[in-house]
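Data first, discussion second: the structure below is written as structure tokens.
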């Protein structure tokens, strides 16, 4: 298993890409220890990419995303319709 930091927020939230066998996982870690994850299935990245949403304590939910083209970020994401 290997990991790579993709993006961080000023409040300490961070998103990582983690390989797990043939699958790629998007892992979001919150500064207070909360976390969330989502992974590809059988190594296939969905046409809309990966996204995971985590909320904690008094913070509103935060969404991390990884697009098929490799861009990653935080926030509300409008996904194109899968073909």
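Numbering (the working numbering), first residue to last: -14 to 68. Ideal Cβ positions, reconstructed from N, Cα and C, are used throughout, including at glycine.
Report all residues from its chain with a CB closer than 7 Å to the CB of residue i; omit the five preceding and five following residues, and keep chain order.
| i | result |
| --- | --- |
| residue 15 | -2, 39, 41 |
Helix, strand or coil: how does DSSP classify residue i here?
| i | result |
| --- | --- |
| residue -12 | strand |
| residue 20 | strand |
| residue 54 | coil |
| residue 15 | coil |
Going by DSSP, name the residue or residues bridged to residue i.
| i | result |
| --- | --- |
| residue 29 | 26 |
| residue 8 | 5 |
Any C-beta of chain D sitting closer than 7 Å to the C-beta of residue i?
| i | result |
| --- | --- |
| residue 53 | This model lacks chain D altogether, as it is built from one protein chain only. |
Sorted by chain position, which residues of the same chain lie with C-beta nearer than 6 Å to residue i's C-beta, five sequence neighbours on each side aside?
| i | result |
| --- | --- |
| residue 51 | 11, 34, 35, 57 |
With burial defined as no fewer than 16 other Cβ atoms inside 10 Å of the residue's Cβ, what is the status of residue i: buried or exposed?
| i | result |
| --- | --- |
| residue 18 | exposed |
| residue -9 | buried |
| residue 7 | exposed |
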